[in-house]
Amino acid sequence: MEVSQTYARPSTAVAGADGMKFNFSAELSRPPVRLDALIKNSLGYARVMTALRAVVKSDWRTKQTDHTAYQDWVMERYLEDLPDALKAKNYDVKKIKAFLTRETLEKERRQINTTISPLRKDFYDNRSRYFKWLYEHNREMWYVLDPVISVHPDAVIFEGFSLDESTYGRVSVPSRLLETFGQTDYGTTNIDFSLGLANEIYRVRSYRPAWLKVAFDKVELSTDAGSNVEKKIDLPESWVRGFLQVQSASSLDGIDLDIHSQTLAAVLAQLERLREKESPRSIRFVLRRGQPATLIIDPWNIEIKDTLIYDGAFEGEVRLWGRRRLFVLKDLLPYAEKVSVKLLGTGMPSYWSIALDGHRFDLGISGWTSNDWAKKGNFDLLASSGGTNKTDLKKVEQVLIQKLAAGAEEVAKDLGIPRAEATAALQELCKQGQAMYDHVTQTYRYRQLLRQDIKLAPAEDDERLKYAVELIRTGKVKLINTSSVDALTEHKFEVQGKNLYKPLVRLDLDGRVKFADCGCAYHRKHKLRQGPCSHIMAGVLTLGKK
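Mapped onto my numbering, the consecutive letters of the sequence shown carry residue numbers 967 to 1512.
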């Protein structure tokens, strides 16, 4: 997916007597977005923004070791020994002389290498400086997508996604911490966010406040430093798909708890001190109602007991992988009192929120590092089982554009439609990149991820969804019973696949899947860690058509 972004001029940061002024240049092809504000508690803002930058540049995928240099060295040693082996076997004298000549030339080459070796360091240093300059000044070769900023009446929100597509970061600056000046135009845009500008954030101090300015300036023609900056980016579909799946997963019901910031700091300290060489590489949450949570670090079985009382309904153990991604939070922990955690289950995504001087940083991580958000999760299916038509979708979109932030119940009341239908429409907007879900405030926000319509091809590797659609098309899915269980609506199905399966799903008032079960081998092995099985998918899709 090719994305073009054009800015009137590069973003700048200027240190003045009244503080650090961050002038973000807004993307020109989007509706105008303007903001000029003094950020209160600027030091907290700077800290959460550096955490967001750490997310954007992070890549926790396993790096493949390059053995090329070693293999070249082995080949050189082999060629050095080859002439002696040929002599021992009385090979052709001409060939032996040729090899001797080659050996002489090889010695001369080594002598030349000895001469130029001191110069190589300068060469590599200069090349390194060149690539650093390229990173700072020719950003379209390095950035996947500039951060997204949404200016709303109640908050300014920055969003970013990691290079490995497994980590999502969001910074929320509430309007009460913004002293605005001049005209403010609400909306969403991309901002030109260079490395040099990001480095200036480190210069923010409590005595040197930060000013935030998002400017939309149309420049027709210029030849100086204010000339247009245009970026053409080949955006991977998996990156876009993952960004959208984050919103769906965050709306699912989970286990909410608070842990002391020093508890998480102790976990990270152990991970810094130790290096795992065997499995399991996980963190286990042991939760008992009325008792502090216990975090166990595998494979060493190190127990760290929290100091805050857990008061949730769930009791048991939840295991998370990809724990080293939590180092993004390390520099925030000394300045925070607690960390709010939302666990979706063992091997499922989790969300971590830290409030810092009124500013909030949210971190969303997938079930494990190699399992990015785009792979087989299908959280959009679990987030809503209701169906929606184009008319209702357009009406809901207009309400969200007008309000910018609203809950599903509020939208349903304004339009006079059932709450489940409103939720389905809002989730569809999230799926299309037109909205985002804030799991902390439980509201949907209007946010266009890209200015153009997002049209993603079906995932080729998702055979389960294709099979589920085929089961419905051939009439092999039947809804056999609907009942109420613990304030939830339970639907039981019969699905005739290779065998007869009887999946069931339980939905809340918003039509979200709160519980799902099936007797097939896939569900028994994976539960919902890699998304629902084909039979549960078929049942949820059937409900959406009714």
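All C-beta atoms, glycine included, are put in the ideal place defined by N, C-alpha and C. Computed from a predicted structure; not experimentally measured.
- For proline 1469 against aspartate 1452, the beta-carbon gap comes to about 19 angstroms, at or over 8 angstroms, which does not count as contact.
- Tryptophan 1039 carries a helical assignment under DSSP once its states are collapsed to helix, strand and coil.
- The three-state reading of DSSP puts alanine 1374 in helix, counting H, G and I together.
- Cα atoms of aspartate 1277 and isoleucine 1225: separation of roughly 12 angstroms, rounded to the nearest angstrom.
- Fewer than three pairs of CB atoms, one per stretch, sit closer than 8 angstroms, so the segment 1430-1447 makes no contact with the segment 1136-1155.
- For the set Tyr1152, Leu1509, Glu1131, Val1284, the Cα lying nearest the Cα of lysine 1023 is the one of Glu1131.
- Sixteen is the threshold: when 16 or more other Cβ atoms of the shown chains lie within 10 Å of the Cβ of histidine 1457, as they do, the residue is buried.
- Taking C-beta atoms under 8 angstroms as the contact rule, leucine 1309 and leucine 1234 fail to qualify, at a distance of about 18 angstroms.
- Restricted to the segment 1385-1416, the beta strand (DSSP E) segments that are unbroken, complete and at least 3 residues in length are 1401-1404, 1409-1412, listed in chain order.
- Membership of valine 1451 in any alpha helix (DSSP H) is not indicated; the residue belongs instead to the beta strand (DSSP E) covering 1443-1451.
- In summary, methionine 1314 is buried, with 16 or more beta-carbon neighbours lying within 10 Å of its beta-carbon over all protein chains present.
- Judged by DSSP secondary structure, glycine 1256 falls outside any alpha helix (DSSP H); it is assigned neither H nor E.
- Pairing valine 1114 with valine 999 gives a Cβ-Cβ distance that is not under 8 angstroms.
- The shortest C-alpha to C-alpha distance from lysine 1432 to any of Leu1454, Leu1507, Thr1080, Asp1380 is the one to Leu1507.
- Per DSSP, reduced to three states, the secondary structure at alanine 1279 is coil, with no helix or strand assignment.
- Beta-bridge partners of phenylalanine 1127 (DSSP): Tyr1134.
- Here asparagine 1156 is buried. Its C-beta has 16 or more other C-beta atoms within 10 Å.
- Excluding sequence positions up to five before and after leucine 1240, its CB lies within less than 7 angstroms of the CB of Trp1266, all in the same chain and listed in chain order.
- Tyrosine 1412 and glutamine 1398 do not touch by the CB rule: their CB atoms are close to 12 angstroms apart, not below 8 angstroms.
- By the Cβ neighbour-count rule, glutamine 1077 is exposed, with fewer than 16 other Cβ atoms within 10 Å of its own.
- Taking all protein chains in view, the Cβ of proline 1175 is crowded by 16 or more other Cβ atoms within 10 Å, so the residue is classified as buried.
- The residues Cys1484, Cys1486, Tyr1488, His1489, in chain order, have a CB closer than 6 angstroms to that of cysteine 1499 in the same chain once the five nearest residues on each side in sequence are set aside.
- Glutamate 1244 carries a coil assignment under DSSP once its states are collapsed to helix, strand and coil.
- Under the three-state reduction of DSSP, glycine 1510 is assigned to helix.
- If you compare the alpha carbons of Ser1216, Thr1016, Ser1138, Leu1129 with that of glycine 1330, the shortest gap goes to Ser1216.
- Take the alpha-carbon of alanine 1020 and the one of valine 1294: they are about 6 angstroms apart.
- Apart from sequence neighbours up to five positions away, the residues of its chain that approach arginine 1495 with a beta-carbon distance below 8 angstroms are Gly1311, Thr1312, Gly1313, Met1314, Gly1333, ordered along the chain.
- For isoleucine 1320, the closest of Thr1070, Gly1208, Arg1136 by C-alpha to C-alpha distance is Arg1136.
- In this structure, the beta-carbon distance from glutamine 1213 to methionine 1402 falls below 8 angstroms.
- Note that the C-beta distance between histidine 1501 and valine 1461 is below 8 angstroms.
- Under DSSP, serine 1306 shares a beta bridge with Asp1224, Ser1319.
- Taking a C-beta distance under 8 angstroms as the contact criterion, tyrosine 1011 and histidine 1325 qualify as a contact pair.
- In its chain, beyond the 5 residues on either side, Lys1271, Asp1272, Thr1273, Leu1274, Ile1275, Tyr1276 have a beta carbon closer than 7 angstroms to the beta carbon of proline 1258.
- For arginine 1326, there is no enclosing alpha helix (DSSP H); the enclosing beta strand (DSSP E) has its first and last residue at 1325-1331.
- Here the alpha carbons of valine 1307 and proline 1384 stand approximately 31 angstroms from one another.
- Ranked by Cα distance from alanine 1388, the first of Gly1288, Glu1074, Val1365 is Val1365.
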